[in-house]
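Beneath this line is the structure, given in structure tokens, with notes to follow.
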Amino acid sequence: DVKVTQSSRYLVKRTGEKVFLECVQDMDHENMFWYRQDPGLGLRLIYFSYDVKMKEKGDIPEGYSVSREKKERFSLILESASTNQTSMYLCATRGGTGHYEQYFGPGTRLTVT
Amino acid sequence: AQSVSQHNHHVILSEAASLELGCNYSYGGTVNLFWYVQYPGQHLQLLLKYFSGDPLVKGIKGFEAEFIKSKFSFNLRKPSVQWSDTAEYFCAVNGNTGRRALTFGSGTRLQVQP
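Top line first, the protein sequences correspond to chains A and B.
Using the numbering used here, read the first sequence as starting at 15 and increasing by one per residue.
Using the numbering used here, read the second sequence as starting at 271 and increasing by one per residue.
As structure tokens, then:
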């Protein structure tokens, strides 16, 4: 079974803080993704990475950055947290070409006060 | 660009009722289609998927979905729901655009009353 873990289930941060969300997978998947999930909006793609040190912006990258130094780990960084970044953040992975199914972590519910 | 519409935002059913959740996508090429489910407090998990072949696909827990290319639809069905089916359901698509990520619909919250 694919296992995707996220560093925290719940996180509370103050406006202006730098926030790191970590995601680790154990399936040697090339592709990793960060989504945010908001009621009524579904999942929206923030960033994804298709290889170590490679990244591409998703649909809503503003206010976020990412880091992928090792294949199994993909970090989402909020440079200066704001209240409109309060959300559920989901990490997902996917194998190589021809494997489109994504596997999700449990999510991190971030509250910015 | 590809997009996904789920028109039912909140559905309330009694146990044993039949379920059909609508999903329409807007991409004219070859697509891969998915339904994911998120039970309360749990992570998203795959319910079923369509890549090619038989347009009627069966998934876990008695769910099925039918791909109708002419209608750009991939509706989810279950003949008789159970209280344990209470969850949020997401339709997702991946077209052959080179985009590696899935595009998700806004989700449908299903509440099954005992």
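Where is the CB? At the ideal position from N, CA and C, for every residue including glycine.
Computed from a predicted model, the values in this text were never measured in an experiment.
With 16 or more other CB atoms across the displayed protein chains lying within 10 angstroms of its CB, isoleucine 60 of chain A is buried.
With respect to the C-alpha of valine 18 of chain A, the residue from A/Val38, A/Pro53, A/Phe34, A/Arg108 having the closest C-alpha is A/Val38. Cβ neighbours of phenylalanine 34 of chain A within its own chain (closer than 7 Å, five residues either side excluded): Ser89, Ile91. The C-alpha of leucine 25 of chain A lies about 32 Å from the C-alpha of isoleucine 330 of chain B. From the beta-carbon of phenylalanine 47 of chain A, the residues of chain B found nearer than 9 Å are Arg370, Ala371, Leu372. Lysine 348 of chain B is a Cβ neighbour of glycine 332 of chain B, given a cutoff of 8 Å. Apart from the 5 residues on each side of it in sequence, serine 94 of chain A sits with its Cβ closer than 6 Å to the Cβ of Gly30 in its chain, given in chain order.
Around histidine 43 of chain A, the same chain offers Thr107, Arg108, Gly109 as residues with beta carbons nearer than 7 Å, after the five sequence neighbours per side are excluded.
A distance below 7 Å between beta-carbons, with the five flanking residues on each side excluded, links tyrosine 103 of chain A to the following residues of its chain, in chain order: Leu35, Trp48, Arg50, Leu90, Gly121, Thr122, Leu124. From the listed residues A/Lys85, A/Glu83, A/Arg58, the smallest Cα separation to proline 75 of chain A is found for A/Arg58. Residue contact with chain B for tyrosine 24 of chain A: absent (no Cβ-Cβ distance below 8 Å to any residue of chain B).
When secondary structure is reduced to three states using DSSP, glutamine 99 of chain A falls in the helix class. The beta carbons of threonine 356 of chain B and valine 382 of chain B sit closer together than 8 Å.
Take valine 281 of chain B, set aside five residues on each side of it, and the residues of its chain with a beta-carbon closer than 8 Å to its own are Leu289, Leu291, Thr378, Arg379, Leu380, Gln381, in chain order. Under the three-state reduction of DSSP, lysine 84 of chain A is assigned to strand.
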